[in-house]
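Engineer: Input: one structure, supplied below.
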Amino acid sequence: MIFKPREKRSWWHHLRQALWPSMSFGRVALYYKHRIARLPGTPYYIACGFATGMAVSFTPFVGFHLMLGGLVTWLLGGSLVAMALGAVLSGNPWTYPFIWIGCYKLGRFMLGHRAMRAATGELMHRQFTFSDLLHRPMELLLPMLLGCVPLVIIVWSATYYVASGIVTRSKEKRKARIQRRRQAAHHGKPPD
562 MIFKPREKRS WWHHLRQALW PSMSFGRVAL YYKHRIARLP GTPYYIACGF
612 ATGMAVSFTP FVGFHLMLGG LVTWLLGGSL VAMALGAVLS GNPWTYPFIW
662 IGCYKLGRFM LGHRAMRAAT GELMHRQFTF SDLLHRPMEL LLPMLLGCVP
712 LVIIVWSATY YVASGIVTRS KEKRKARIQR RRQAAHHGKP PD
């Protein structure tokens with residue numbers, strides 16, 4: 562293959578690139594922007610899939626994000642490839658701690674002080690351990706489930722709006738560029 566690296570990269574290299582990319586986070590974001598804009602399909606199709614992928618990462622169902630996102634994307638008529646890109650972009654080791662804390666705190670706020678005390682018992686007064694999660698999962702899951710709902714709605718709406726604009730502008734620019742090249746070829750001029 563033409564673009565294959567000369568030397569096979571180790572799993573450690575791939576892990577390091579996933580956690581801290583060598584080409585900077587700005588270039589990674591630009592890469593994703595171009596990658597999403599070049600996907601085939603209508604702006605709704607692409608933006609819906611991407612927004613669903615981003616939003617589904619805000620649910621507490623780690624390990625099931627791609628399945629859940631695939632189902633929701635299929636129901637909404639979006640792009641599965643764009644959904645996978647969105648899920649990978651928003652659901653990663655850098656963002657999960659902030660997402661989980663945000664969902665939990667918002668869920669606690671929504672449950673209210675009295676209801677929260679009844680739902681979580683001693684959780685507010687001591688450290689939460691992994692054994693607590695196994696023996697009393699609803700003490701953590703209930704606030705996270707409740708807190709993720711408004712976050713999912715906000716993230717989906719904002720991401721859809723932004724992605725739809727990016728895809729629409731990109732497709733319009735591409736169409737104009739192709740039209741200019743056709744006109745230049747028809748008139749015998751070199752393209753811009």
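The sequence shown begins at 562 in this note's numbering and counts up one residue at a time.
No residue lacks a Cβ here, since even glycine has one placed at the ideal position from N, Cα and C.
1) Would you mind stating whether Thr-613 and Leu-637 have Cβ atoms separated by less than 8 Å?
2) Just the C-alpha distance for Lys-734 and His-696, rounded to the nearest angstrom, thanks.
3) Using the rule of at least 16 other Cβ atoms within 10 Å of the residue's Cβ for burial, across every protein chain shown, is Phe-670 buried or exposed?
4) For Trp-655 and Met-705, which I take to be in contact (beta-carbon distance under 8 Å), what is that distance rounded to the nearest angstrom?
5) With 16 as the cutoff for other CB atoms within 10 Å, does Met-699 come out buried or exposed?
6) Counting Cβ pairs closer than 8 Å, one from the region 595 to 608 and one from the region 714 to 731, do we hit at least three?
7) State yes or no: is the C-beta of Met-615 within less than 8 Å of the C-beta of Val-716?
8) Is Val-649 near Gly-610, with beta carbons less than 8 Å apart?
9) Report buried or exposed for Ile-739, applying the criterion of at least 16 other Cβ atoms within 10 angstroms of its Cβ.
Structural biologist: From the atom records:
1) Here the question's residue 613 lines up with position 52 in the sequence shown. Here the question's residue 637 lines up with position 76 in the sequence shown. The Cβ-Cβ distance between Thr-613 and Leu-637 falls below 8 Å.
2) Looking up residue 734 in the sequence shown gives position 173. Looking up residue 696 in the sequence shown gives position 135. Each residue's CA atom was taken as its position, placing Lys-734 and His-696 some 56 Å apart.
3) On the sequence shown, position 109 is the one that residue 670 refers to. Phe-670 sits exposed, since fewer than 16 C-beta atoms from the chains shown fall within 10 Å of its C-beta.
4) As a position in the sequence shown, residue 655 is number 94, starting the count at 1. As a position in the sequence shown, residue 705 is number 144, starting the count at 1. At roughly 19 Å, the Cβ-Cβ gap does not stay under 8 Å, so Trp-655 and Met-705 are not in contact.
5) As a first step, residue 699 is located in the sequence shown; it is residue number 138 there, counting from the start. Burial call: exposed.
6) These segments touch.
7) Residue numbering aside, residue 615 sits at position 54 when the sequence shown is read from its first letter. Residue numbering aside, residue 716 sits at position 155 when the sequence shown is read from its first letter. Taking 8 Å as the Cβ cut-off, Met-615 and Val-716 qualify as a contacting pair.
8) On the sequence shown, position 88 is the one that residue 649 refers to. On the sequence shown, position 49 is the one that residue 610 refers to. In terms of Cβ geometry, Val-649 and Gly-610 do not form a close pair [threshold 8 Å].
9) Position 178 of the sequence shown, counting from 1, holds the residue named residue 739. Per the 10 Å Cβ criterion, exposed.
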